[in-house]
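Chemist: First the structure, then my questions, so here it is.
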């Protein structure tokens, strides 16, 4: 992809170029900041591709998402107590 004379790597390009790249999942989503949801989801999608998670079975992907969304538990705890 060209951006003003500079080339940007897509997430899939990065995975192909750096197959042994070790990346951490995004920080837990802060559910008190709903306006950041779309940005967080895009970051998680990039993580899925670069880490190779997107090639794994659905159950593993769902559990990785729930793990990365750990903030849900804390948010609900605060909301209902």
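In our numbering, the protein residues as written are 7 to 87. The beta-carbon is built from N, C-alpha and C at its ideal position, and this holds for glycine as well.
DSSP state of residue 66, grouped into three classes?
Modeler: Three-state result, residue 66: helix.
Chemist: What does the alpha-carbon distance come out to for the pair residue 68 and residue 85?
Modeler: The straight-line gap from Cα to Cα measures roughly 24 angstroms.
Chemist: Identify, in the order they occur along the chain, each residue of the same chain with its Cβ nearer than 6 angstroms to the Cβ of residue 39, setting aside the five sequence neighbours on each side.
Modeler: Excluding sequence neighbours, residue 39 sits near nothing in its chain.
Chemist: Compute the Euclidean distance between the alpha carbons of residue 60 and residue 54, then round it to the nearest angstrom.
Modeler: Roughly 5 angstroms separates the two Cα atoms.
Chemist: Under 8 angstroms, do residue 32 and residue 46 count as touching if we go by C-beta distance?
Modeler: Cβ atoms of residue 32 and residue 46: closer than 8 angstroms.
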